[in-house]
Structure formats: structure tokens, C-alpha cells
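So in the working numbering, the last spot in the sequence shown is 1158, and the numbers never skip.
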Amino acid sequence: MSDQIHIVEMGPRDGLQNEKTPVSVEARIAFVEALVAAGLNTVEVGAFVSPKAIPQMASSDQVLRGVSHVRNGEFHVLVPNEKGYDAARAAGAKVVSVFAAASEGFSRANINCSVAESIERFKPVLARAKADGVKVRGYVSCVLGCPFDGEIKPKAVADLAVTLWDLGCYEISLGDTIGVGTPLRAREMLRAVGAELPVGNLAMHFHDTYGQALANLYAGMEEGVRVIDSAAGGLGGCPYAPGATGNVATEDVVYMLEGMGVKTGIDMDRLLATTNEVAGLLGRPPVSRVASALNAK
Ligand code: HMG
Ligand code: MG
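Dropping the structure here:
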């Protein structure tokens, strides 16, 4: 358990995509800069999706261009189709993420197509990315439950993860989109996927809606998963996942890992300052337990 864990920071994308308060391009760029300065080198900074669907992610091209000067940063953006890929590449994207769902209900609500159709949309993206030398990450949403279809079988998650892997994704991020999972179910799901794919190429993307995310992450670490998606301040949620709240908070993950003797290289003071800055922009305190505790000191 004491080897390296890689954190993929979600704050500027998943974190802001569901917020009512508009956040300016300048503030989004400053958020990314501050996260990298705190030691979070891999950051998802935006999404090239329909601005009608997710207005919060409009101008992601400006955000991506605006952080191109930042050294030591790897910046990810979501792309749902070739149109998004074109726009992401024009803005200089070197890593893009495609996103599918383990359930038909969420796929339809989120990206307006069936799971099979989404794979057809991703095929040309993956082919072009390979030719362009662009890395592609693949998400599977609703791995522990769907707001529309209910329970999800681990095999459905594993099958979709294999499909994305076979298309050429370098890493598969497994999303508990609505945060309903508990540790034994998370373990069962991760074992099913890990039986098909190298566990070192899996990531855990757990929302904390029911307060289970840290326990689920710990269960996944015991299975050998070493990549964790989290968001500063516990920001996040998806407008197409009713009732879902934020990602597991980066501060909470860092506190747990450091307490276990896992060196994260993340500067908690800087991370806390960044979290507080963004919370100020949004007009409410961070939901993160660690941020609340440290702010009360
Ligand atoms: P559609 O309606 O099926 O697509 O939407 P379409 O091709 O028929 O186009 C409809 C309109 O969208 C057209 O514009 C297109 O130009 C435009 P109009 O003629 O109406 O003005 N369009 C685009 N615009 C910008 N960028 C694009 C693009 N593609 C089409 N790439 C689509 C399909 C996927 C575009 C739409 O449903 C959409 O944008 N959905 C948003 C999905 C989203 O961003 N969800 C949140 C992120 S996923 C998530 O949070 C889960 C995750 O965190 C993991 C987890 O927690 O589980 C990753
Ligand atoms: Mg998410």
C-alpha cells in the first residue's frame, strides 16, 4: 500500500461543470495554475461538449490555451465526438478523455445516444488520436449504480472497460457517478475489471454523495489500483446524474494517503488556499472534511 499513488485532479472540469455561479475563464486558468503549484500535475481542465448542454464548460479552448505556459502540467479535456476532438486539438490538447456509461439510461441522458452508438462516435476519435500522438483516457460512468437503471453488474463495467481499452485508451477511469457504492461492491467491481485489464491502468473516480468514497478508494487500493480522480474542495457533480454531489475531495485523499505513509508530493497549505479561493468565488465553504477541519484551526 505504500507505493506511489497518482492523483488526477478534477476540480476545473467535473468540479465546475455543475455550478450555478459562473466562473470566468481567467479564474478557471488561475485555478489550474494554483493546483499545479500545489503539486497536482495532472489536471482535467475542461470539456469540449455542447455549450447548450454544459454552459459552465464553454470556452474550454481559452482555458486550455491559457494554461499552455504552465510547466510540469498534463492537462486533460473531455471530448464526446470528433467535433470535440477537432476543437480540443485546435486548442493544443495532448490528452483527451472519452466518456461512456455502463448503463443505457445514463448514456442517453448524458450524451444523447446508446452505449453502442457512443463507442461508434469514439472510434474515429481514437484512430485520429493515435495518428496524432494524442493520449486518450476512457471513462466508464455509473460503475456502481445508475440514477435511471439502478444496479449495474460488474460484468457490464468490465466489458465496456475492455472495449475502451481495445480501442486504445491508455487508462480506464471507473466512475461511481452518483456515489452510491460501498467498499465490498467497489472491490467486486474492481476485481471484475482487474481480471480483464492491467490493474495499473485503472483509475477510481468516486463521487462522495453518500460519504463512502474514501472507504471505496481504500478498498480499491487494496486491489492494487493506483490512480485516483479527486476534486479540490469536493467540488463536482453531473447535471445529468440527478442527486449526485461532488467528487471525493483532493484534500481528504491527500490527508488519508499521507497518514498511511504514501508520499503525494502535494502541498496541503497551497491546496487549501486554492480550495478556499474557489469556494469564495462560488460563495460557499468547501464541503471537504479536511478543508473544514484545517480552516477551523
Ligand atoms: P447530440 O445532440 O446528440 O449531438 O449531443 P448532435 O451531434 O446532434 O449536435 C447537437 C448540437 O450540439 C449541435 O449544435 C452541435 O453542433 C453541437 P446546434 O446545431 O444545436 O447549435 N455539438 C457540439 N458542440 C460543441 N462541442 C461538441 C459538440 N458536439 C455536438 N463536441 C453531445 C451530443 C455529446 C454533444 C451532448 O449530449 C453533450 O454535449 N452532452 C454533454 C455531456 C457532458 O459533458 N456531461 C458531463 C460530463 S460526463 C461526467 O461528468 C461523468 C464523469 O465525470 C465520470 C463519472 O463521474 O462517472 C466523466
Ligand atoms: Mg464525475
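Glycine included, each C-beta is placed from N, C-alpha and C at the ideal position.
query: Any idea what DSSP makes of T929, helix, strand or coil?; result: This sequence places Ser at residue 929; Thr is not what is there. In the structure shown, S929 sits in coil (DSSP, three-state: anything other than H, G, I, E or B).
query: Report the residue from G945, A891, K944 whose alpha carbon sits nearest the alpha carbon of S929.; result: A891
query: Starting from the C-beta of N902, find all residues in its chain whose C-beta is less than 7 Å away, skip the five residues before and the five after it, and write them out in chain order.; result: N933, G934, E935
query: Which whole runs of the beta strand (DSSP E) in the stretch 1054–1111 are 3 residues long or more, in chain order?; result: 1063–1067, 1088–1091
query: Count Cβ pairs between the stretch 1133–1145 and the stretch 877–891 that sit closer than 8 Å; are there 3 or more?; result: yes
query: Beta-carbon within less than 6 Å of G966's beta-carbon, same chain only, minus the 5 sequence neighbours each way: which residues are those?; result: C1007, F1009, D1010
query: From the DSSP secondary-structure annotation, give me the bridge partner or partners of D1037.; result: F1067
query: Assess contact between the stretch 1082–1097 and the stretch 1054–1061, defined as three or more Cβ pairs (one per stretch) separated by less than 8 Å. Is contact present?; result: yes
query: With a floor of 3 residues, list each beta strand (DSSP E) that falls wholly inside the stretch 875–937, ordered by position along the chain.; result: 903–908
query: Sort out for me which residues DSSP pairs K991 with in a bridge.; result: Its beta-bridge partners do not exist; DSSP assigns none.
query: Let me make sure I understand the geometry here. Which of V886, G1095, A977, A990 has the alpha-carbon closest to that of G876?; result: G1095
query: Going by CA-CA distance only, name the one from A895, P1044, S964, G900 that's closest to A1022.; result: S964
query: In whole angstroms, what is the alpha-carbon distance linking L1051 and K1124?; result: 24 Å
query: Go to S1153, then tell me how far its alpha helix (DSSP H) extends in each direction, as first and last residue.; result: 1150–1156
query: Kindly indicate which residue of S921, K984, E1112 has the alpha-carbon position closest to the one of S885.; result: S921
query: Just how far apart, CA to CA, sit V1109 and S958?; result: 19 Å
query: Determine the contact status of G1107 and G1098, defining contact as a CB-CB distance below 8 Å.; result: yes
query: Taking the continuous alpha helix (DSSP H) assigned at E1138, which residues delimit it?; result: 1129–1143
query: If contacts are defined as beta-carbon pairs under 8 Å, then D1113 and V1054 qualify, I think. What distance do you get, rounded to the angstrom?; result: Rounded, the Cβ-Cβ distance is 24 Å, inconsistent with contact.
query: Compute the Euclidean distance between the alpha carbons of V924 and Q917, then round it to the nearest angstrom.; result: 12 Å
query: Since Y1000 is in the beta strand (DSSP E), which residue starts that stretch and which ends it?; result: 996–1002
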